[in-house]
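Chemist: Have a look at this one before I ask anything.
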Amino acid sequence: MHFDTELDARGLNCPLPILRAKKALNGLTSGKVLKVKATDPGAVKDFAAFATQTGNELLSTSEAGGEYVFFLKKH
């Protein structure tokens, strides 16, 4: 999937992946896509809730080998 910026939040526990993603999204213009890599299993629910609360779109979530990848589109 195409993305404009990538954030590596592997090894960070909640709420740090969300806080870093929020900061990264603030630096993007509307319609741009942020790719986030994380290892915290709680991030799956957190990113879904974050997208709903902020109006950003969670394009996809995947998991492989304990690593989670999220694609968020800035509103």
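FYI, our numbering numbers position 32 of the sequence shown as 33, with every residue one higher than the one before it.
All C-beta atoms in this analysis are idealised placements derived from N, C-alpha and C, irrespective of residue type, glycine included.
The model shown is predicted, which means the values in this text are computed figures rather than measured ones.
1) Would a C-beta distance cut-off of 8 angstroms place Thr30 and Phe48 closer than the cut-off?
2) Contact defined as beta carbons within less than 8 angstroms: I believe Phe51 pairs with Phe4. What is the distance between those atoms, to the nearest angstrom?
3) Using a Cβ-Cβ cut-off of 6 angstroms (strictly less than) and excluding sequence neighbours within five positions of Leu60, which residues of its own chain qualify?
4) Does the beta-carbon of Gln54, which I'm using as the reference point, lie nearer than 7 angstroms to any heavy atom of the ligand ZN?
5) Comparing C-alpha positions only, which one of Asn27, Leu8, Met2 and Ala39 sits nearest to Cys15?
6) Please tell me whether Leu26 and Leu35 are closer than 8 angstroms, where the distance is taken between their beta carbons.
Modeler: Concretely, from the data shown:
1) No, the Cβ-Cβ distance between Thr30 and Phe48 is not below 8 angstroms.
2) The pair is not a contact, with the Cβ atoms about 17 angstroms apart (cut-off 8 angstroms).
3) Phe72 and Lys74
4) For the ligand ZN, the structure offers nothing, since it holds no ligand at all.
5) Ala39
6) Between Leu26 and Leu35, the CB-CB gap stays under 8 angstroms.
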